[in-house]
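Protein sequences, first through last, are from chains U and Z.
Heads up, the working numbering is the position in the first sequence plus 4, with the first residue counted as 1.
Heads up, the working numbering is the position in the second sequence plus 4, with the first residue counted as 1.
Note that beta-carbon positions come from the ideal geometry of N, C-alpha and C, so glycine has one too.
Number of protein chains: 2
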Amino acid sequence: MAKAGSNTRKDNFASSKRHVTSYDVARHAGVSQSAVSRCFKPGASVSKKMRARVMDAVKELGYTPNAIARGLITRRSNMVAVFVSNLNFYPEVVSELSKRFTERGVHVLLFTLDHESDVSRTLEQVWQYQVDGVIAAANLSSDEIATFEERNLPLVFYNRSYEDVRVSSVSCDQVEGERALINRLAGSGVHQSYAIVSGPSDSIVSMQRTRGALECLTECGFSDVTQINGDYSYQSGCRAVQEMIEQRGSLPDAIICANDVMAFGAMDELRYRLDCDVPGDVSVVGFDGVRAASWSSFDLATVVQPVESMAEAAVSMLLDRVDNPDLPPEKRLFSGVLREGSSIRC
Amino acid sequence: MAKAGSNTRKDNFASSKRHVTSYDVARHAGVSQSAVSRCFKPGASVSKKMRARVMDAVKELGYTPNAIARGLITRRSNMVAVFVSNLNFYPEVVSELSKRFTERGVHVLLFTLDHESDVSRTLEQVWQYQVDGVIAAANLSSDEIATFEERNLPLVFYNRSYEDVRVSSVSCDQVEGERALINRLAGSGVHQSYAIVSGPSDSIVSMQRTRGALECLTECGFSDVTQINGDYSYQSGCRAVQEMIEQRGSLPDAIICANDVMAFGAMDELRYRLDCDVPGDVSVVGFDGVRAASWSSFDLATVVQPVESMAEAAVSMLLDRVDNPDLPPEKRLFSGVLREGSSIRC
Numbered sequence: 005m006a007k008a009g010s011n012t013r014k015d016n017f018a019s020s021k022r023h024v025t026s027y028d029v030a031r032h033a034g035v036s037q038s039a040v041s042r043c044f045k046p047g048a049s050v051s052k053k054m055r056a057r058v059m060d061a062v063k064e065l066g067y068t069p070n071a072i073a074r075g076l077i078t079r080r081s082n083m084v085a086v087f088v089s090n091l092n093f094y095p096e097v098v099s100e101l102s103k104r105f106t107e108r109g110v111h112v113l114l115f116t117l118d119h120e121s122d123v124s125r126t127l128e129q130v131w132q133y134q135v136d137g138v139i140a141a142a143n144l145s146s147d148e149i150a151t152f153e154e155r156n157l158p159l160v161f162y163n164r165s166y167e168d169v170r171v172s173s174v175s176c177d178q179v180e181g182e183r184a185l186i187n188r189l190a191g192s193g194v195h196q197s198y199a200i201v202s203g204p205s206d207s208i209v210s211m212q213r214t215r216g217a218l219e220c221l222t223e224c225g226f227s228d229v230t231q232i233n234g235d236y237s238y239q240s241g242c243r244a245v246q247e248m249i250e251q252r253g254s255l256p257d258a259i260i261c262a263n264d265v266m267a268f269g270a271m272d273e274l275r276y277r278l279d280c281d282v283p284g285d286v287s288v289v290g291f292d293g294v295r296a297a298s299w300s301s302f303d304l305a306t307v308v309q310p311v312e313s314m315a316e317a318a319v320s321m322l323l324d325r326v327d328n329p330d331l332p333p334e335k336r337l338f339s340g341v342l343r344e345g346s347s348i349r350c
Numbered sequence: 005m006a007k008a009g010s011n012t013r014k015d016n017f018a019s020s021k022r023h024v025t026s027y028d029v030a031r032h033a034g035v036s037q038s039a040v041s042r043c044f045k046p047g048a049s050v051s052k053k054m055r056a057r058v059m060d061a062v063k064e065l066g067y068t069p070n071a072i073a074r075g076l077i078t079r080r081s082n083m084v085a086v087f088v089s090n091l092n093f094y095p096e097v098v099s100e101l102s103k104r105f106t107e108r109g110v111h112v113l114l115f116t117l118d119h120e121s122d123v124s125r126t127l128e129q130v131w132q133y134q135v136d137g138v139i140a141a142a143n144l145s146s147d148e149i150a151t152f153e154e155r156n157l158p159l160v161f162y163n164r165s166y167e168d169v170r171v172s173s174v175s176c177d178q179v180e181g182e183r184a185l186i187n188r189l190a191g192s193g194v195h196q197s198y199a200i201v202s203g204p205s206d207s208i209v210s211m212q213r214t215r216g217a218l219e220c221l222t223e224c225g226f227s228d229v230t231q232i233n234g235d236y237s238y239q240s241g242c243r244a245v246q247e248m249i250e251q252r253g254s255l256p257d258a259i260i261c262a263n264d265v266m267a268f269g270a271m272d273e274l275r276y277r278l279d280c281d282v283p284g285d286v287s288v289v290g291f292d293g294v295r296a297a298s299w300s301s302f303d304l305a306t307v308v309q310p311v312e313s314m315a316e317a318a319v320s321m322l323l324d325r326v327d328n329p330d331l332p333p334e335k336r337l338f339s340g341v342l343r344e345g346s347s348i349r350c
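Structure, rendered in structure tokens:
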């Protein structure tokens, strides 16, 4: 391949590439054009021999298929956008989604949002990139959701479901999960006083978990429950323990945290600052089932979200709707799995 | 906006959009075309009043700038690819990179690789998407690196540097960091026997850390060092402790883990399975400075990578080279910060 002087090298190179088409490759390899295109379509059936023949021609001619230009013609970019509200709390989810899309030859444009409410600013960018669909692990207003329908752009919510809104979602059953935890705590008969540590105020997931816990506690006859606002961080779990002592004058028998990371903070605060025994003096439960929940330091009682099943469901629901935009919205609700841990007294 | 029957709705909608250009918007709003384009360029200067005027016209006409089509004309897609070898170990890095690119109006195509060596399969996809550049937190062969130079596609390695190869990189000084840890351990005078737990065999970072630790231990007069192979996971940290007992017949005075997560596994194994005191019986050190290192359960002595500075450097180095492909490669090496923790005896 000819290379010119350094100033014009890029342009020359780019234009020399541009002249090589899939037709040239097919002719050079002595195969059909559709055979060439099958070699560049992930998952398409093509024999090993055929692939080797085409790839030799590709290398010799310096051919690169332009997925972006193809996208303009086919109106499929083979890109999807994934919104996550804070990657630090959902690394497994992003990893699982990304792996599954990649297996299907679809690429992930990642948008991380500092706050869930940042999403509206991101949407303008998303329209411009002509993605085939969006998975949102962040909140959208009903106006924003309506824009997706207007644009006929498939949208699947990950772990937040909107009641009474026509939109697809995959969620863990937050309320059912909290009920399982509360029934476990209340059923033991040793917990008479409770405190709840909720997550950020703009998180629907946290709202559902807190509501589920409160409802179930009321049903079990515990109506005087201390409520502390956290923000899902370890530090806010530590602070919540101090705040509940200030509010109540003493520690409760059990602390219900809206996620695992705050539960780790609460446990560490109890054990290392207040010299309390967990679970001897106070039981602590979380929600999510992150990896550290099973570490011996914590061995946290929590609800494990079935992340793999949920990610698989979200990916296939989205791609089904890319292929067939007339499919009706669907809400899928997965049960979490109660993880028994030594962070609660029996 | 006219909507046709459900079958043709998408096509009609898409084509009605396509007819609206930035010229139409400019005329409708009574402003210049360049004012319209400034409104869609992140970071561009435009008054609040002007933006409101343009956005009203945009909404009324149903205009969407097509970033993909623009990319074909300008030869800038405003997309970069980020390769990470395993997201679960680097969530902060992806989050920091993504945030910084987004602030500059650049979007991230995320490729997660199960193993660092998967990268070659990913490259073919990357060429097709016409990204402006790549940040690789994964290993590439020198042939693969050469392909980037041939294509004149900017490439910056994150946290792996290749000696004697003309390629840009941002790294934490792994060797210097390990030396600081070893000098801290050896300087106390209480550690006479050592074991090292290394990371996955295809990780350059792990190799550099292990080599740095071994060299420094030899210089300090400790040549009989037990070496165990881990894979960066918590479980492999637990197993490593059992393996070193089998190999040595007893525990060493200090365990040097190639990352923090294995150190957590080793600490938990020592404390909860073997009923040992950390640091009373055994000191443990890690590397990375992940969030959990500062949690009271661990309070791990480690080297904290300056992730924010490193991410900022990687993003600006890459975008500088997108703007000016003739800039020479540059290697930037950041010192880590020794985190004193109660996981080592003094």
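With contacts defined as CB atoms closer than 9 angstroms, Val-86 (chain U) and Ile-139 (chain U) qualify as a contacting pair. Here DSSP, grouped into helix, strand and coil, assigns Asp-292 (chain Z) to strand. One finds nothing in chain Z with a Cβ atom closer than 8 angstroms to the Cβ of Arg-80 (chain U); even the nearest lies about 11 angstroms away. By the 16-neighbour rule on beta-carbons within 10 angstroms, Gly-181 (chain U) is buried. Interface criterion not met: the Cβ of Arg-108 (chain Z) is under 9 angstroms from no Cβ in chain U. In the DSSP annotation of this structure, Asn-163 (chain Z) is not part of any beta strand (DSSP E), being labelled neither H nor E. In the DSSP assignment, Gly-137 (chain U) falls within the beta strand (DSSP E) that extends over 137-141. If you compare the alpha carbons of Z:Arg-325, Z:Val-294, Z:Gly-340, Z:Arg-170 with that of Met-314 (chain Z), the shortest gap goes to Z:Gly-340.
Under the Cβ criterion of 9 angstroms, His-195 (chain Z) is not counted among the residues facing chain U.
In the three-state reduction of the DSSP assignment, Val-209 (chain Z) falls in the helix class, which pools H, G and I. For Ser-300 (chain Z), the chain U residues whose Cβ falls inside 8 angstroms of its Cβ are Asp-272, Glu-273, Arg-275, Tyr-276, Arg-277, in order along the chain.
The bridge partners DSSP lists for Phe-87 (chain U) are U:Phe-115, U:Ala-140. With respect to Gly-241 (chain U), Gly-269 (chain U) sits close: the two C-beta atoms are nearer than 9 angstroms.
With 16 or more other Cβ atoms inside 10 Å of its own Cβ, Arg-243 (chain U) counts as buried. In the displayed model, Val-341 (chain U) falls within a strand according to three-state DSSP. For Ser-102 (chain U), a Cβ of chain Z is located within less than 9 angstroms of the residue's own Cβ. Contact check between the segment 252-269 of chain Z and the segment 189-204 of chain Z: three or more CB pairs, one atom from each, fall below 8 angstroms, which counts as touching. Taking the C-beta atoms as reference points, Ile-186 (chain Z) is found nearer than 9 angstroms to Leu-221 (chain Z). The way I'd put it, the segment 172-181 of chain Z does touch the segment 325-342 of chain Z; three or more beta-carbon pairs between them come closer than 8 angstroms. By the criterion of a C-beta distance shorter than 6 angstroms, Gly-345 (chain Z) is surrounded in its chain by Asp-303, Leu-304, Ala-305, once the five residues flanking it on both sides are discounted. Unbroken alpha helix (DSSP H) stretches of 4 residues or longer found wholly inside the segment 248-327 of chain Z: 264-272, 311-327, given in chain order. Taken atom to atom, the span from the alpha-carbon of Glu-96 (chain Z) to that of Tyr-162 (chain U) is near 21 angstroms. For Cys-224 (chain U), the secondary structure class from DSSP, reduced to helix, strand or coil, is coil. Below the 9 angstroms Cβ cutoff, chain Z contributes no neighbours of Thr-25 (chain U), its closest Cβ being approximately 14 angstroms away.
Of the candidates U:Leu-113, U:Ile-208, U:Val-88, U:Met-54, the residue whose Cα lies closest to the Cα of Asn-82 (chain Z) is U:Leu-113. When 9 angstroms is used as the limit between beta carbons, Leu-113 (chain U) is near these residues of chain Z: Met-83, His-111, Val-112, Leu-113, Leu-114, in chain order. At a cut-off of 9 angstroms, the C-beta of Gln-132 (chain Z) has a neighbouring C-beta in chain U.
With fewer than 16 other beta carbons inside 10 angstroms of its own, Ser-254 (chain U) counts as exposed.
For the 9 angstroms CB-CB criterion, Pro-283 (chain U) and Ile-348 (chain U) form a contact. Of U:Val-286, U:Asp-136, U:Leu-278, the smallest CA-CA separation from Val-194 (chain U) is found for U:Val-286.
A straight line joining the alpha-carbon of Ser-298 (chain U) with that of Thr-230 (chain Z) spans about 28 angstroms. Within chain U, no residue has its beta carbon less than 7 angstroms from that of Pro-204 (chain Z); the closest one is some 16 angstroms off.
Leu-144 (chain Z) and Leu-127 (chain Z) have their alpha carbons spaced roughly 10 angstroms apart.
Of U:Asp-327, U:Arg-343, U:Ala-318, the smallest CA-CA separation from Val-171 (chain U) is found for U:Ala-318.
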